[in-house]
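Engineer: Before I ask anything, here is the structure I am working with.
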Amino acid sequence: MAAHGRAPAPLLFAQLARHPSEPNGTGPGTSDRRRGTFGSTRVPAVPMESLAAGRRGQRVRHHRMPNQKSAGRRRGDRGAAMVEAAIVTPVLFLFVFAIFEFGFAFRDYLAVANITRDAAREASVAGNVNDADYRVLRAVQRAGAALPDGAIDRLVVFRATGPSDSVPSACKTSTSPATLAANQCNVYTASDFNLTRAEFGCDPTPNPLPDPDRHWCPASRIVSVGTGLDYVGVWVRVHHDYITGLFGNAIDFEDTTVLKVEPQEL
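The sequence shown begins at 0 in numbering that gives the first Met the number 0 and counts up by one.
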């Protein structure tokens, strides 16, 4: 306190801020870099209002001039981020579309394998019953329920010579009755899935059309162990249309399964 010979705090700090040789801190010889009582450390003058506010426990706010370099740096960072986004965004969308497209394509690929296995098992069990191929078509419909309508482009039920046999190439493309009969294969398209059971039975008479299973009639399939069982093969081609068109317009999936006809009682 002032009664004990001590200067008030605001006055004390103000005196420390002055140069020792300059009582008022001004005058001739005053330099920008002042030497205070703390050696060579520069002690800036503190406004009396700030000291008084500090003693009262109030927060003192110091206003700073805007830094033009910092503002320019922030604008530069925003510009760099926009350039990076312009480069990365197309690549990111390409990956997203690729996952989307190939996910649906892989679904159809798996469906083809399931279709041929289920259809071949049905043909093997049906043996030489008159509606064997009709049962095959129904098995194909059940196994390919996840496929879009009309996705099954072609279905061939053919006589194979062994478990590793493949479908005759003519059966993949030809619609000639003579060619199909020579290769012992029955060909079905998407429209044939609407046929009824009565339209099967190997009848070649147009009524209004010949039966589609006449080229390798199920009744002629060998189901006796003594004479050697037939091998029945099922080949399926599924047409898959890409959605975005970024990876092409469409792709076809094919698969073949061959099984021996199960023996049946005569």
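C-beta atoms are modelled at their ideal positions from N, C-alpha and C, and glycine is treated no differently. These numbers come from a predicted model, not from an experiment.
How long is the line joining the alpha carbons of H214 and P176, rounded to whole angstroms?
Structural biologist: On the sequence shown, residue 214 is found 215 positions in, with the first residue counted as 1. On the sequence shown, residue 176 is found 177 positions in, with the first residue counted as 1. Those two C-alpha atoms are separated by around 7 Å.
Engineer: Using CA atoms only, rank isn't needed, just tell me which of K259, N206, T195, P162 is closest to N129.
Structural biologist: As a first step, residue 129 is located in the sequence shown; it is residue number 130 there, counting from the start. Closest option to N129, Cα to Cα, is T195.
Engineer: So, for E100: in the same chain, excluding its five sequence neighbours on each side, which residues have a beta-carbon less than 8 Å away from its beta-carbon?
Structural biologist: As a working note, residue 100 is residue 101 in the sequence shown. Cβ within range, chain order: Y241, I242, T243, L245, F246.
Engineer: Where does the unbroken alpha helix (DSSP H) through Y230 begin, and where does it stop?
Structural biologist: Taking the sequence shown and counting its residues from 1, one reaches residue 230 at position 231. Per DSSP, Y230 belongs to no alpha helix (DSSP H); it is in the beta strand (DSSP E), 230–240.
Engineer: Could you tell me whether the region 112–127 touches the region 195–204, where touching means 3 or more Cβ pairs closer than 8 Å?
Structural biologist: Output reads no: the region 195–204 does not touch the region 112–127.
Engineer: Here's the rule: buried if 16 or more other CB atoms are within 10 angstroms of the residue's CB, otherwise exposed. What is G161?
Structural biologist: On the sequence shown, position 162 is the one that residue 161 refers to. The residue is exposed, with fewer than 16 neighbouring Cβ atoms inside 10 Å.
Engineer: With distance defined between alpha-carbon atoms, name the residue in S219, R137, P89 nearest to Y230.
Structural biologist: Here residue 230 refers to the residue found at position 231 of the sequence shown. Measuring from the Cα of Y230, the nearest candidate turns out to be S219.
Engineer: Taking the CB atoms as reference points, tell me whether V260 and V233 lie closer together than 9 Å.
Structural biologist: Counting from 1 along the sequence shown, the entry for residue 260 is found at position 261. Counting from 1 along the sequence shown, the entry for residue 233 is found at position 234. No, they are not a contact pair.
Engineer: Is V186 buried or exposed, if buried means 16 or more other CB atoms sit within 10 Å of its CB?
Structural biologist: Taking the sequence shown and counting its residues from 1, the one referred to as residue 186 is at position 187. So V186 ends up on the buried side.
Engineer: Whose C-alpha, out of R158, A159, L154, is nearest the C-alpha of T172?
Structural biologist: Indexing the sequence shown from 1 puts residue 172 at position 173. Of R158, A159, L154, the residue nearest in Cα terms is L154.
Engineer: Grab the span of the beta strand (DSSP E) containing V139 for me, first residue to last.
Structural biologist: For the purposes of this step, residue 139 is taken as residue 140 along the sequence shown, with counting starting at 1. Taken as a continuous stretch (DSSP letters only), V139 belongs to no beta strand (DSSP E), being part of the alpha helix (DSSP H) at 131–142.
Engineer: Skipping 5 residues on each side, what residues in its chain have a beta carbon closer than 6 Å to that of I148?
Structural biologist: Within the sequence shown, numbered from 1, the residue matching residue 148 stands at position 149. According to the sequence provided, residue 148 is Asp. The question's Ile does not apply to it. No residues qualify anywhere along the chain.
Engineer: Using only alpha-carbon positions, find the residue among E253, R236, L179 that is nearest to D212.
Structural biologist: Counting from 1 along the sequence shown, the entry for residue 212 is found at position 213. The shortest Cα separation from D212 among E253, R236, L179 belongs to L179.
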